[in-house]
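Each residue of the sequence shown is one higher than the last, beginning at 141 in my numbering. Don't be surprised by glycine CBs; every beta carbon is placed ideally from N, CA and C. Model, not experiment: these values are computed from the prediction. Worksheet for the structure shown next.
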Amino acid sequence: MTYLKKKLINNNLQLGKILLIVTIFIFLGGLEYSTPNDYVFGYLYSGAILLVNSWFGGIATTNATFIAVFLTMLNVWIPGNEVIQASTFANRVIASIALIVTGFLSQRLRKSQKAIALTQTKLQAQAQLVRLREDFASTLTHDLKTPLLGAIETIKAFQKEKFGVVSPTQKKVLDTMARSHETSLDLLETLLDVYRNDTEGLKLDLAPVDLSILAETVMATLMELAANRRIHLSLNYGNSDWKRSLWVNGDALQLQRVFSNLLINAINHSRRGDHVEVVLEPQTSYQVVKILDTGAGIQHEQFPHLFERFYQGHSDYGVLSQRQAKGSGLGLYLSRQIIEAHNGIIWAENRVPNGAIFGFKLPVLPFQSLSNI
């Protein structure tokens, strides 16, 4: 009798789950087909797909993904009382790609979680389990690049009018979509680098590098971003009125990323009209770089965590002692990886009366090496 009750309860639960999934699809379908076809609600099917994967497994997830993509694309032509725009079609193609990726990755995640659960019982040390999880996260991040690159190339094709003439309004929409996808791709690349550096170590291509040239190059690329935020950028050489070279033995590409990360961090945490300054100070044993902003500064309890992975701090516009913008929490961590790999030191401190300083110093390139350049 107890067994029959449990079976009956289980059947009722399964029926309830099915009804919930069907209700979600009906509700989202109603939104899709009762609004203009340039309003894309297809992304919301992702929640239903994840629920199906969690409750019913692979085949049901595939079926749910197919139905979601079908309903999303069908709304381009049905009810059929609107002119089909290129941007509308592109939005729905991208939404469909996102749904397919969601279905695929949710199934892969389900399988990976089972594999992790099975392997976990065999692991003797917590460190091995952490390594396994990070390998999975790195693989998952890598797999996300392919559909994202596909979406970017599709948008570029529309921008180049390969599918027809693009109106000024459509161009603005496509430009916004392109910037959003490029930002996501940059985040994925950073995340991949972080995991790779943690597991394999950072491999450097060392050569004599002039930090002053790197600083000028990065500042030039960020001028537009600073101008859009109404932030003034400047470069000086400490107590010197003359331009000076700061030679180090380093990887130019990696050090350029450090400059970019620290400058973007300063711009993001500055208010409109603020000033961000890059200071280069050659010393006897080290070449010192400081990025100064006039933003809200850093809370005392945040200092130990600033260069930790995924740390974002707090955001509160009402408190001057807090940083005001959030990022991925990876830029400063990656910068620390790069500087430490160069046998350098990276740090942060508050300015007086307000603002923050993020700085790093690297060993000076020996004169013998400099004379061979």
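Could you tell me the distance, in whole angstroms, from the CA atom of PRO348 to the CA atom of LYS501? 15 Å
Measuring straight from C-alpha to C-alpha, what distance separates ILE124 and LEU474? This structure cannot settle anything about residue 124, because the visible part of the chain is limited to 141 through 513.
Give the DSSP bridge partners of GLN427, in chain order. PRO422, LEU502
Provide the residue span of the alpha helix (DSSP H) that contains SER352, from first to last. 351–361
Closer than 9 Å, CB to CB, is LEU344 near chain B or not? The structure shown contains no chain B; it is built from a single protein chain.
Among THR201, ILE199, THR205, nearest to GLY182 - alpha-carbon criterion: THR205
Simplified DSSP assignment, three categories, for ILE407: helix
Tell me which residue opens and which closes the beta strand (DSSP E) that ALA488 is part of. 485–490
Coil, strand or helix - ILE497 by DSSP: strand
In the DSSP assignment, find the unbroken alpha helix (DSSP H) run with VAL209 in it and report its ends. The continuous alpha helix (DSSP H) containing VAL209 extends over residues 198–214.
Between ALA436 and PHE399, how many whole angstroms is the CB-CB distance? I'm expecting something under 8 Å. Actually they do not touch by this definition, with Cβ atoms about 22 Å apart.
Assuming contact is defined by CB atoms lying nearer than 9 Å, are ARG384 and GLY413 in contact in what I supplied? Pairing ARG384 with GLY413 gives a Cβ-Cβ distance that is not under 9 Å.
PRO348 - DSSP class collapsed to helix/strand/coil: strand
Using the beta-carbon count (16 or more within 10 Å), is TYR179 buried or exposed? exposed
Residue of GLN394, ALA488, LYS146 minimising C-alpha distance to HIS482: The candidate whose alpha carbon is nearest that of HIS482 is GLN394.
Check whether the stretch 198–215 touches the stretch 227–246, taking contact to mean three or more Cβ pairs, one atom from each stretch, closer than 8 Å. Cβ pair count under 8 Å is three or more, so yes.
Limits of the unbroken alpha helix (DSSP H) element including SER475: For SER475, the uninterrupted alpha helix (DSSP H) run begins and ends at 471–481, by DSSP.
I need the DSSP call for VAL334, collapsed to helix, strand or coil. helix
Using CA atoms only, rank isn't needed, just tell me which of ASN408, ALA360, TYR426, LEU342 is closest to ASP391. LEU342
When GLN423, VAL428, VAL429, ALA488 are compared against GLU441, the one with the closest alpha-carbon: It is ALA488.
Cα-Cα separation, GLN154 to ILE189: 16 Å
Using 8 Å for Cβ pairs, my map puts ARG476 next to PHE447. What's the rounded Cβ distance? Indeed, because the Cβ distance is near 4 Å, the residues count as touching under 8 Å.
ILE207 and PHE165: beta carbons closer than 9 Å? In contact: ILE207 and PHE165 (Cβ atoms closer than 9 Å).
Can you list, in chain order, the residues of its chain whose CB lies under 6 Å from that of ILE497, leaving out five sequence neighbours each side? The answer, listed in chain order, is LYS430, LEU432, GLU489, ARG491.
Would GLN423 pass as a contact of TRP387 if the rule is Cβ separation under 9 Å? no
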